[in-house]
Amino acid sequence: MARRIGWALGDQAVSSLSNFAVGAVAARALGPVGFGVFGLAYVTYAVLLGLCRGLATDPLMVRMGGGVPREVWRAGARQATGTAVVVGTAAGVACALVGLLLPRSIGPAFVALGVVLPAMLLQDSWRFAFFAAGRGSRAFLNDVCWTIALVPALIWVRGSNSAGPFLAAWGGSAAVAAAFGALQAGFLPHPAQCRSWLRNHRELGWRYLTENVCESGSAHLRTVGLGWVAGLGAVGAIRGATQLLGPFLAVMFGMSLVTVAEAARTLRRAPHRLRLFCLLLGGGQALAALAWGVAVLILVPDHVGRSLLGSVWSPAKRLLLPMTVACAVVGLNTAATAGLRALGAARLSLRSRLVSAVLVVVLAVAGAAAWGVTGFAWGTVAGSALGAAYYWRNLNRGLRAHLGSLSTPAAAPADLRPTAAVAALVPAPVVQVKAN
Numbered sequence: 060m061a062r063r064i065g066w067a068l069g070d071q072a073v074s075s076l077s078n079f080a081v082g083a084v085a086a087r088a089l090g091p092v093g094f095g096v097f098g099l100a101y102v103t104y105a106v107l108l109g110l111c112r113g114l115a116t117d118p119l120m121v122r123m124g125g126g127v128p129r130e131v132w133r134a135g136a137r138q139a140t141g142t143a144v145v146v147g148t149a150a151g152v153a154c155a156l157v158g159l160l161l162p163r164s165i166g167p168a169f170v171a172l173g174v175v176l177p178a179m180l181l182q183d184s185w186r187f188a189f190f191a192a193g194r195g196s197r198a199f200l201n202d203v204c205w206t207i208a209l210v211p212a213l214i215w216v217r218g219s220n221s222a223g224p225f226l227a228a229w230g231g232s233a234a235v236a237a238a239f240g241a242l243q244a245g246f247l248p249h250p251a252q253c254r255s256w257l258r259n260h261r262e263l264g265w266r267y268l269t270e271n272v273c274e275s276g277s278a279h280l281r282t283v284g285l286g287w288v289a290g291l292g293a294v295g296a297i298r299g300a301t302q303l304l305g306p307f308l309a310v311m312f313g314m315s316l317v318t319v320a321e322a323a324r325t326l327r328r329a330p331h332r333l334r335l336f337c338l339l340l341g342g343g344q345a346l347a348a349l350a351w352g353v354a355v356l357i358l359v360p361d362h363v364g365r366s367l368l369g370s371v372w373s374p375a376k377r378l379l380l381p382m383t384v385a386c387a388v389v390g391l392n393t394a395a396t397a398g399l400r401a402l403g404a405a406r407l408s409l410r411s412r413l414v415s416a417v418l419v420v421v422l423a424v425a426g427a428a429a430w431g432v433t434g435f436a437w438g439t440v441a442g443s444a445l446g447a448a449y450y451w452r453n454l455n456r457g458l459r460a461h462l463g464s465l466s467t468p469a470a471a472p473a474d475l476r477p478t479a480a481v482a483a484l485v486p487a488p489v490v491q492v493k494a495n
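Yeah, the sequence shown ends on 495 if you go by the numbering used here, and it's all consecutive.
So this is what it looks like as structure tokens:
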């Protein structure tokens with residue numbers, strides 16, 4: 060477990076370092092309004108990334124994550140990465156067309172995002188494919204490649220006063236890492252198999268798509284709502300506070316690469332301890348978030364903050380406390396999510412995600428309309444807390460149902476059974492053993 064978590068944390072740390080570098084350089088060069096435009100493009104990327112993961116790499120992690128023969132993983136990874144290319148291309152064209160219709164203050168950023176989006180989604184799919192094969196070191200090296208390629212790209216665009224060049228530099232360096240991923244894997248993506256992949260994994264793909272889009276889509280709606288009621292400067296301030304929490308978010312997102320697998324392992328070995336596992340995971344993440352936010356508030360002097368974020372530092376610092384509390388609550392949410400996925404409680408998991416997303420969006424935007432950007436931050440806290448309570452209620456329901464069914468084992472849920480396409484790729488003796 061330590062080795063798996065170690066590679067996941069290392070990989071996410073490098074990934075978040077590159078994201079933080081782009082955000083910090085962009086904040087200094089663009090100011091609050093320009094950085095707000097960058098923030099709108101960034102959350103759009105996050106929504107599309109969640110969509111791509113739900114259709115491509117989340118099913119790959121479940122169906123071919125560890126223990127399958129190499130040729131099965133190879134065939135699945137080719138199809139999953141090919142699906143990422145198709146999704147990225149379609150989404151990129153849509154972003155570019157929307158950017159052409161938007162005002163000149165915002166449009167070029169979305170055009171730039173559309174151009175680089177296929178490469179960015181492909182690089183992310185390589186990363187998850189390597190984790191599915193149990194080769195976290197390769198994912199780590201791929202993100203190191205992206206970070207190294209990012210350095211000259213940022214030097215090239217650091218004098219720009221528009222968000223578009225920063226997005227182009229970020230995505231262009233991702234294209235280098237995506238090419239390196241194909242070299243590491245020893246094969247190219249297979250976009251022609253996208254339809255087959257989606258058909259064979261529809262039981263998982265569309266459910267994960269809905270959950271991921273609800274999560275990232277709620278962030279997008281909150282950002283758009285904040286910009287509408289409080290202006291782009293408020294969006295830049297919130298984005299700046301999120302930048303300050305970047306190292307903690309790196310740890311939390313890195314943990315999320317392995318927590319579902321560890322929760323499932325706990326469920327198999329000692330089902331009655333799943334709740335304790337999730338409590339320890341969520342409580343540890345919440346305490347880590349609070350510790351990091353307080354440390355930044357107390358230990359980072361203003362001149363250091365201004366050197367990092369420029370004029371964005373002052374409004375971001377004022378929002379750091381509520382955003383820290385919101386991140387702590389999110390840590391509790393992710394622990395409950397891991398438990399629900401380990402249980403295979405698809406309906407409860409999706410219901411929890413939908414309710415939580417609606418609560419956060421409504422309360423955050425209402426807070427922004429009443430009290431500006433500060434009200435937005437505390438509205439996010441309130442919505443996240445109510446959503447966390449609903450998540451844990453459903454986790455307890457699902458665990459009680461699971462423990463009650465142990466005396467009369469039922470068939471595995473449909474979304475956890477291997478598809479015919481996957482079974483066909485596994486050698487016959489392996490399929491027979493699994494069937495018995």
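Glycine is no exception: its CB is placed at the ideal position from the N, C-alpha and C atoms. Bear in mind the structure is a predicted one, so any value in this text is a computation, not a measurement.
| Between the stretch 436-446 and the stretch 408-425, do three or more beta carbon pairs fall short of 8 angstroms? | For the pair of segments examined, the stretch 436-446 was found to touch the stretch 408-425: the number of CB pairs separated by less than 8 angstroms reaches three.
| task | Put Leu378 into one of helix, strand or coil per three-state DSSP. | result | Residue state, collapsed to three classes: coil.
| Rounded straight-line distance, which links the Cα of Cys273 to that of Leu263 | Cα atoms of Leu263 and Cys273: separation of roughly 16 angstroms, rounded to the nearest angstrom.
| request: List the whole-angstrom C-beta distance separating Leu340 from Ala394, where the pair is believed to meet the contact cut-off of C-beta under 8 angstroms. | output: Taking C-beta atoms under 8 angstroms as the contact rule, Leu340 and Ala394 qualify, at a distance of about 4 angstroms.
| said: Classify Leu242: buried if its beta carbon has 16 or more other beta carbons within 10 angstroms, exposed otherwise. | reply: With fewer than 16 other Cβ atoms within 10 Å, it is exposed.
| task | Note the first and the last residue of the continuous alpha helix (DSSP H) segment covering Ala236. | result | Where Ala236 is concerned, the enclosing alpha helix (DSSP H) starts and stops at 222-244.
| Rounded separation between Gly147 and Leu176 - CA only | Those two C-alpha atoms are separated by around 6 angstroms.
| field | Opening and closing residue of the alpha helix (DSSP H) in which Ser219 lies | value | It is not in any alpha helix (DSSP H) - Ser219 carries neither H nor E in the DSSP assignment.
| task | In the DSSP assignment, find the unbroken alpha helix (DSSP H) run with Leu159 in it and report its ends. | result | It spans 129-160 - the alpha helix (DSSP H) in which Leu159 sits, taken as one unbroken run.
| query | According to the Cβ coordinates, are Arg501 and Asn453 closer than 9 angstroms? | reply | With the chain represented from 60 up to 495, any question about residue 501 goes unanswered, as that position is not in the structure.
| query | Are three or more beta carbon pairs between the stretch 63-78 and the stretch 276-284 nearer than 8 angstroms? | reply | Verdict: no, contact absent.
| query | Tell me which same chain residues have a C-beta within less than 7 angstroms of the C-beta of Gly151, skipping the five on either side of it? | reply | For Gly151, where only same-chain residues beyond five positions count, the Cβ hits under 7 angstroms are Gly173, Val174, Leu176, Pro177.
| said: Applying the 10 Å Cβ sphere with the 16-neighbour rule, what's the burial state of Leu180? | reply: Leu180 is buried by the Cβ-count criterion.
| task | Determine the direct distance from the alpha carbon of Val359 to that of Gly109, and round the result to whole angstroms. | result | Each residue's Cα considered, the two are about 33 angstroms apart.
| query | Can you give the Cα-Cα distance for Ala483 and Arg112, rounded to whole angstroms? | reply | Caution applies to Ala483, whose pLDDT of 45 falls short of 50 and renders its modelled position unreliable; the value that the coordinates give is listed next. Each residue's alpha carbon lies about 24 angstroms from the other.
| field | Inter-residue spacing [alpha-carbon to alpha-carbon] between Phe169 and Val106 | value | Going by the C-alpha atoms only, they are around 14 angstroms apart.
| task | Report yes or no: do the stretch 342-357 and the stretch 395-404 share at least 3 C-beta pairs separated by less than 8 angstroms? | result | Too few Cβ pairs lie closer than 8 angstroms, so no.
| task | State the DSSP-derived secondary structure class of Val420, mapped to helix, strand or coil. | result | In this structure, Val420 counts as helix in the three-state DSSP scheme.
| With distances taken between CB atoms, is the gap from Gln71 to Phe312 smaller than 9 angstroms? | Yes, the pair counts as a contact, with Cβ atoms nearer than the cut-off.
| Quick one, are the C-beta atoms of Gly230 and Gly95 less than 9 angstroms apart? | Contact annotation: Gly230 and Gly95 have beta-carbon atoms that are not nearer than 9 angstroms.
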